[in-house]
Amino acid sequence: MRTTTFIQAINEALKEEMRRDESVFLIGEDVGRYGGLFRVTRNLFEEFGEDRVIDTPISEQGFMGMATGAA
Numbered sequence: 020m021r022t023t024t025f026i027q028a029i030n031e032a033l034k035e036e037m038r039r040d041e042s043v044f045l046i047g048e049d050v051g052r053y054g055g056l057f058r059v060t061r062n063l064f065e066e067f068g069e070d071r072v073i074d075t076p077i078s079e080q081g082f083m084g085m086a087t088g089a090a
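Per the numbering used here: the sequence shown = residues 20 to 90.
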């Protein structure tokens with residue numbers, strides 16, 4: 020059995036789902052170019068681009084509205 024960190028597992032799961040399903044996207048604070056808190060979303064922006072990995076301002080109402088609209 021392979022050993023991995025929780026952060027690596029989350030990153031790999033996000034990549035796997037985004038590769039499998041083109042309708043999956045990610046929104047959040049600093050998830051794009053910065054790579055997210057603790058680099059959980061590292062390299063997603065480079066692989067999937069700004070249309071699917073979307074940085075949001077620090078405005079919970081804003082990205083909750085985006086998520087609600089996307090649903």
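Built from N, CA and C at the ideal position, the CB exists for glycine as well.
Query - Under the three-state DSSP convention, the category Ile46 falls into - result: strand
Query raised in the report: So, helix, strand or coil for Ile26, using DSSP?
Result: helix
Query raised in the report: Roughly how far, in whole angstroms, is the beta-carbon of Asp74 from the beta-carbon of Asp49, given that I think they are within contact range, below 8 angstroms?
Result: In this structure, Asp74 and Asp49 form a Cβ contact; the two beta carbons are roughly 6 angstroms apart against a cut-off of 8 angstroms.
**Report entry** Between the CA atoms of Glu65 and Arg52 - distance to the nearest angstrom
**Finding:** 8 angstroms
Query raised in the report: Is it the case that the Cβ atoms of Ile26 and Val72 are separated by a distance below 7 angstroms?
Result: no
Query raised in the report: Cα separation between Glu69 and Asn62?
Result: 12 angstroms
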